[in-house]
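Numbers 1 to 235, taken from the numbering used here, label the letters of the sequence shown in order.
Everything on this sheet refers to the single structure shown next.
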Amino acid sequence: YWNPEFLKPGQWDHDGRREIYNKAALTESKVKELKNISENEGCIFLISVFGTIGAKVIADMGIKNIKIPSHETTNIPLIKFCSNNFDKIYFSAGASTEKEVITANEILKNAEAEYTLMHCVSSYPCSDQNANIGRINWLKTLNDAVGYSDHTGSTVIPALTVAQGVTSIEKHFTTDKDLPGRDNKFALDPDEFKDMCTNIRAAENAIINHGIDFQEIERDTVENYRGRWEPQDYT
Numbered sequence: 001y002w003n004p005e006f007l008k009p010g011q012w013d014h015d016g017r018r019e020i021y022n023k024a025a026l027t028e029s030k031v032k033e034l035k036n037i038s039e040n041e042g043c044i045f046l047i048s049v050f051g052t053i054g055a056k057v058i059a060d061m062g063i064k065n066i067k068i069p070s071h072e073t074t075n076i077p078l079i080k081f082c083s084n085n086f087d088k089i090y091f092s093a094g095a096s097t098e099k100e101v102i103t104a105n106e107i108l109k110n111a112e113a114e115y116t117l118m119h120c121v122s123s124y125p126c127s128d129q130n131a132n133i134g135r136i137n138w139l140k141t142l143n144d145a146v147g148y149s150d151h152t153g154s155t156v157i158p159a160l161t162v163a164q165g166v167t168s169i170e171k172h173f174t175t176d177k178d179l180p181g182r183d184n185k186f187a188l189d190p191d192e193f194k195d196m197c198t199n200i201r202a203a204e205n206a207i208i209n210h211g212i213d214f215q216e217i218e219r220d221t222v223e224n225y226r227g228r229w230e231p232q233d234y235t
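In structure tokens:
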């Protein structure tokens with residue numbers, strides 16, 4: 001959510017981006033409509049906020065979950081406002097230095113809001129070789145709840161992050177990759193999204209901890225197959 005009225009002057013005034021911001025901006029009534037649609041479908045509504053003014057608009061609507069996008073990782077007033085006015089925060093840690101993420105994390109962990117640090121590479125699209133999912137392990141040293149905001153076109157990479165312990169995954173979705181806008185080109189269509197979810201469920205099952213001894217499903221092998229090919233009286 002952003003309001004173009006509060007967009008600062010900049011290069012975007014001359015390269016066509018301000019027109020894009022104007023066209024893509026959501027009004028408060030549209031946000032409410034999307035929230036109602038989500039809730040009617042049994043989904044928890046979530047929206048990103050750009051700037052404290054936008055965050056206050058969303059908070060005043062009674063929305064309790066919020067995402068702070070990678071563009072705003074150094075916006076300390078926004079992080080503090082969200083920490084004090086929302087119950088759940090998804091903090092996207094893309095396009096940020098180690099120091100910047102640590103600074104934001106210190107604010108978030110001292111607030112009452114629950115929060116998830118989202119690994120992200122803020123490139124649209126992001127190539128597989130730049131996904132850098134090993135960074136998730138570092139984020140886990142800062143906070144227990146870590147997620148992944150994915151901008152690749154892969155249906156497999158999100159499942160790999162599950163194996164690293166992420167608890168939330170954000171993925172771009174589209175009904176038609178030929179629709180206007182840069183995100184539709186790397187977003188997943190319904191069939192691809194289903195494949196991704198299948199891969200994620202497989203990863204979740206594969207990392208279930210069954211201990212270090214053999215499992216009961218292996219008992220037949222242990223009791224009936226061991227030593228089958230070695231003579232018992234061999235010396």
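Heads up, the beta-carbon is just placed ideally off N, CA and C, and yes, glycines get one too.
Just so you know, these numbers come straight off a predicted model, no measurement behind them.
Taking C-beta to C-beta, are SER83 and ALA113 nearer than 7 Å? Within the sequence shown, the letter at position 83 stands for residue 83. Within the sequence shown, the letter at position 113 stands for residue 113. The answer is yes: Cβ separation under 7 Å.
Which term fits TYR236, buried or exposed, when burial requires 16 or more other beta carbons within 10 angstroms of its beta carbon? The chain is shown only over 1 to 235; residue 236 falls outside these bounds and no answer can be derived.
How many whole angstroms separate the CB atoms of ASN143 and LYS109, which I take to be in contact at a CB cut-off of 8 Å? What you label residue 143 is simply residue 143 of the sequence shown in a count that begins at 1. What you label residue 109 is simply residue 109 of the sequence shown in a count that begins at 1. Contact flag correct, Cβ pair sits at about 7 Å.
With a CB to CB cut of under 8 Å and the five nearest residues on each side skipped, what residues in its chain are close to ALA93? Counting from one through the sequence shown, the residue named residue 93 turns up at place 93. So the qualifying residues of the chain are SER70, THR73, VAL101, ALA104, LEU117, MET118, HIS119, CYS120 and LEU139.
Confirm, please, whether the CB-CB distance from THR155 to GLU192 is below 7 Å. Locating residue 192 in the sequence shown gives position 192, counting from the first residue. Locating residue 155 in the sequence shown gives position 155, counting from the first residue. The Cβ atoms of GLU192 and THR155 lie closer than 7 Å to each other.
Would GLY153 pass as a contact of SER168 if the rule is Cβ separation under 7 Å? The residue labelled residue 153 in the question sits at position 153 within the sequence shown. The residue labelled residue 168 in the question sits at position 168 within the sequence shown. Cβ atoms of GLY153 and SER168: not closer than 7 Å.
Taking the alpha carbon of PRO125 as the reference point, which residue from LYS185, SER96 and ARG219 has its own alpha carbon closest? The residue labelled residue 125 in the question sits at position 125 within the sequence shown. For the options LYS185, SER96 and ARG219, the alpha carbon positioned closest to that of PRO125 is the one of LYS185.
According to DSSP, is ASN205 helix, strand or coil? Within the sequence shown, numbered from 1, the residue matching residue 205 stands at position 205. Helix at ASN205.
7 Å Cβ cutoff met for LEU78 and ALA59: The residue labelled residue 78 in the question sits at position 78 within the sequence shown. The residue labelled residue 59 in the question sits at position 59 within the sequence shown. The Cβ atoms of LEU78 and ALA59 do not sit closer than 7 Å to each other.
Please name the residue, chosen from TYR1, LEU7 and GLY51, that lies closest to ILE76 on a Cα-to-Cα basis. To locate residue 76, count along the sequence shown from 1; it is residue 76. Among TYR1, LEU7 and GLY51, the Cα nearest to that of ILE76 belongs to GLY51.
Can you name the start and end residues of the beta strand (DSSP E) that GLU100 belongs to? Here residue 100 is taken as the residue at index 100 of the sequence shown, counted from 1. Run containing GLU100: none in the beta strand (DSSP E); it sits in the alpha helix (DSSP H), 98-109.
DSSP three-state assignment for VAL146, whether helix, strand or coil: Within the sequence shown, numbered from 1, the residue matching residue 146 stands at position 146. In this structure, VAL146 counts as strand in the three-state DSSP scheme.
Pull up the distance between the alpha-carbon of THR175 and that of LEU188, whole angstroms please. Working through the sequence shown from its first residue, we reach residue 175 at position 175. Working through the sequence shown from its first residue, we reach residue 188 at position 188. Each residue's alpha carbon lies about 8 Å from the other.
Could you compute how far the alpha carbon of GLY16 sits from the alpha carbon of GLU5? Numbered from its first residue, the sequence shown carries residue 16 at position 16. Numbered from its first residue, the sequence shown carries residue 5 at position 5. Distance between the alpha carbons of GLY16 and GLU5: 16 Å.
In whole angstroms, what separates the C-alpha of LYS99 from that of GLU106? Counting from one through the sequence shown, the residue named residue 99 turns up at place 99. Counting from one through the sequence shown, the residue named residue 106 turns up at place 106. Cα to Cα, LYS99 sits roughly 11 Å from GLU106.
Inter-residue Cα distance where the pair is ILE207 and TRP2: Within the sequence shown, the letter at position 207 stands for residue 207. Within the sequence shown, the letter at position 2 stands for residue 2. Rounded to the nearest angstrom, the two C-alpha atoms are 39 Å apart.
ILE133 beta carbon less than 7 Å from that of VAL162: For the purposes of this step, residue 162 is taken as residue 162 along the sequence shown, with counting starting at 1. For the purposes of this step, residue 133 is taken as residue 133 along the sequence shown, with counting starting at 1. For the pair VAL162 and ILE133, the CB atoms are not nearer than the 7 Å cut-off.
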